[in-house]
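Below is one structure; the comments refer to it alone.
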Amino acid sequence: MRDGFKAYKRIVVKVGTSTLTHANGQLNLGRMEHIVRELADLHNQDIEVLLVSSGAIGTGANRMGMKKVPRTMPEKQALAAIGQGALMHMYEKIFAEYGKTVAQVLLTREDLDERMRYLNATNTFLAILNLQVIPIINENDTVVVEEIKFGDNDMLSTMIAGLVDADLLIILSDVDGLYDRDPRIHKDACLQSEVFEITGDMEENSNSRGIAFSSGGMLTKLKGARICMAAGIPLVIANSSETNVIRRIIAGEKLGTLFVPKEEKMQARKKWIAFCTVLQGKVKVDSGATNALLNKGKSLLASGIVEIEGDFERGTVVAVLGSDGREIARGMVNYNAEEIRRIAGRKSADIEKILGEKDYDEVIHRNNLWVKC
Ligand code: GLU
Numbered sequence: 010m011r012d013g014f015k016a017y018k019r020i021v022v023k024v025g026t027s028t029l030t031h032a033n034g035q036l037n038l039g040r041m042e043h044i045v046r047e048l049a050d051l052h053n054q055d056i057e058v059l060l061v062s063s064g065a066i067g068t069g070a071n072r073m074g075m076k077k078v079p080r081t082m083p084e085k086q087a088l089a090a091i092g093q094g095a096l097m098h099m100y101e102k103i104f105a106e107y108g109k110t111v112a113q114v115l116l117t118r119e120d121l122d123e124r125m126r127y128l129n130a131t132n133t134f135l136a137i138l139n140l141q142v143i144p145i146i147n148e149n150d151t152v153v154v155e156e157i158k159f160g161d162n163d164m165l166s167t168m169i170a171g172l173v174d175a176d177l178l179i180i181l182s183d184v185d186g187l188y189d190r191d192p193r194i195h196k197d198a199c200l201q202s203e204v205f206e207i208t209g210d211m212e213e214n215s216n217s218r219g220i221a222f223s224s225g226g227m228l229t230k231l232k233g234a235r236i237c238m239a240a241g242i243p244l245v246i247a248n249s250s251e252t253n254v255i256r257r258i259i260a261g262e263k264l265g266t267l268f269v270p271k272e273e274k275m276q277a278r279k280k281w282i283a284f285c286t287v288l289q290g291k292v293k294v295d296s297g298a299t300n301a302l303l304n305k306g307k308s309l310l311a312s313g314i315v316e317i318e319g320d321f322e323r324g325t326v327v328a329v330l331g332s333d334g335r336e337i338a339r340g341m342v343n344y345n346a347e348e349i350r351r352i353a354g355r356k357s358a359d360i361e362k363i364l365g366e367k368d369y370d371e372v373i374h375r376n377n378l379w380v381k382c
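Numbering (my numbering), first residue to last: 10 to 382.
Structure below.
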């Protein structure tokens, strides 16, 4: 699969705070310069690049002479406001040396949660790329509250890759990739060059390690990897300290860990459902419906629903739990929570009698359903 990377035309690269800063919190200018140079060079080869960059809060903390990032949300938000400008100033300066123009894009989860706003964001990105400009993306930390955060830029970069239908996502970090065991404890741990499936064991063995100025860890990367694989987008996690790391990955060198995607690319609408929506509730289904959704490519009908959690509107996205309680799918509902409570377990033919009207036979149509693999 890596051989095919050379032909790719749209690439998202994510760099974390640990890559962009030294241990003392100061910007690692050498590292930044290398990454910018590599991206500019790809751009010179007519490859569209998008950079998802962390580092705002860390840079802000450093500017303020703090040794580590404070805990409270308002303080972090203030530091993000201070650091984001400083970070962009540096990117502007270095990219300009290579004749490149950059665009700052700050997003919140809410911007992508609603279908229209998601489509608007897609169009904006495409317009920026059409102008031959390199978008530099971060979460709009200054205005988000905990409940509506992406949480970390690993997840944000996954969503951006889906949003722009990228050919490849590269996450650069301070780790070499995914090991079979924790390499800090087990000296003989092996780096996994290719991963075809993310197992529960892998997630359990990963942790949310983060250095003083950064967030995230392998666990968030695996969550993103799971979505990328399902969406048909290859993801490489590699160590940012490798020389010419981006160029070598694209040349097909076996650096880091490649998460090999499923063959087919997910439809745009399903991608939005899988990547970007905030789940508004849960619908539990019986074993017949579990089988129909997982193995037969069917829509979700009222007759298979056994339990509803939450208070959601028509058109929102909910989790579908299988008969063993595990999340098996996500989908956009045609009826609100109250209506589903009334029609649960009943035949589609009865919906009109019960609700007084029937716009849809299905509670979630197959086209609006993303079934997890
Ligand atoms: N948005 C945060 C920042 O710029 C970083 C989040 C992350 O490290 O994943 O500081």
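Backbone N, C-alpha and C fix where the C-beta goes; we use that ideal spot for every residue, glycine too. The structure displayed is predicted, hence computed values, not measured ones.
If we count the other Cβ atoms within 10 Å of its Cβ and call it buried at 16 or more, is residue i buried or exposed?
{"i": "glutamine 141", "result": "exposed"}
{"i": "serine 215", "result": "buried"}
{"i": "threonine 117", "result": "buried"}
{"i": "serine 217", "result": "Confidence at serine 217 is low in this model, with a pLDDT of 48, below 50, so its placement is unreliable and the value that follows should be read with caution. Serine 217 should be labelled exposed."}
{"i": "valine 184", "result": "buried"}
{"i": "phenylalanine 8", "result": "Given a span of 10 to 382 for the chain in the structure shown, any question on residue 8 remains unanswerable."}
{"i": "valine 292", "result": "buried"}
{"i": "leucine 60", "result": "buried"}
{"i": "glutamate 273", "result": "exposed"}
{"i": "histidine 43", "result": "buried"}
{"i": "leucine 267", "result": "buried"}
{"i": "glutamate 148", "result": "buried"}
Looking at the secondary structure, which residues open and close the beta strand (DSSP E) in which residue i lies?
{"i": "glycine 340", "result": "336-341"}
{"i": "alanine 298", "result": "It is not in any beta strand (DSSP E) - alanine 298 instead sits in the alpha helix (DSSP H) that spans 296-304."}
{"i": "lysine 76", "result": "Note, lysine 76: premise wrong, no beta strand (DSSP E); not H, not E."}
{"i": "alanine 328", "result": "326-330"}
{"i": "glutamate 318", "result": "314-318"}
{"i": "serine 179", "result": "According to the sequence as given, residue 179 is isoleucine; it is not serine. 177-182 is the extent of the beta strand (DSSP E) around isoleucine 179."}
{"i": "glutamate 371", "result": "371-373"}
In this structure, how does DSSP classify residue i when only helix, strand and coil are distinguished?
{"i": "phenylalanine 4", "result": "Residue 4 lies beyond the stretch modelled for the chain, which goes from 10 to 382, so this question has no answer here."}
{"i": "glutamate 148", "result": "strand"}
{"i": "glutamate 57", "result": "strand"}
{"i": "arginine 381", "result": "For the record, residue 381 in the displayed sequence is lysine; it is not arginine. In the structure shown, lysine 381 sits in coil (DSSP, three-state: anything other than H, G, I, E or B)."}
{"i": "tyrosine 188", "result": "strand"}
{"i": "glutamate 262", "result": "coil"}
{"i": "phenylalanine 222", "result": "The predicted position of phenylalanine 222 is uncertain, since its pLDDT is 45 and thus under 50; a value taken from the coordinates is nonetheless stated next. Coil, per DSSP."}
{"i": "leucine 116", "result": "strand"}
{"i": "valine 142", "result": "coil"}
{"i": "alanine 247", "result": "strand"}
{"i": "lysine 362", "result": "helix"}
{"i": "phenylalanine 134", "result": "helix"}
{"i": "serine 357", "result": "helix"}
{"i": "phenylalanine 159", "result": "coil"}
{"i": "valine 22", "result": "strand"}
{"i": "phenylalanine 268", "result": "strand"}
{"i": "lysine 274", "result": "coil"}
Residue i lies in the alpha helix (DSSP H); which residues open and close that run?
{"i": "leucine 48", "result": "38-53"}
{"i": "lysine 280", "result": "277-284"}
{"i": "serine 27", "result": "26-29"}
{"i": "leucine 172", "result": "162-172"}
{"i": "phenylalanine 104", "result": "82-106"}
{"i": "alanine 198", "result": "Neither: alanine 198 is in no alpha helix (DSSP H) and is coded neither H nor E."}
State the CB to CB distance for the pair residue i and residue j, rounded to an integer number of angstroms; the pair is presumed to be in contact (CB under 8 Å).
{"i": "glycine 241", "j": "lysine 271", "result": "6 Å"}
{"i": "isoleucine 314", "j": "glycine 354", "result": "7 Å"}
{"i": "isoleucine 56", "j": "tyrosine 17", "result": "7 Å"}
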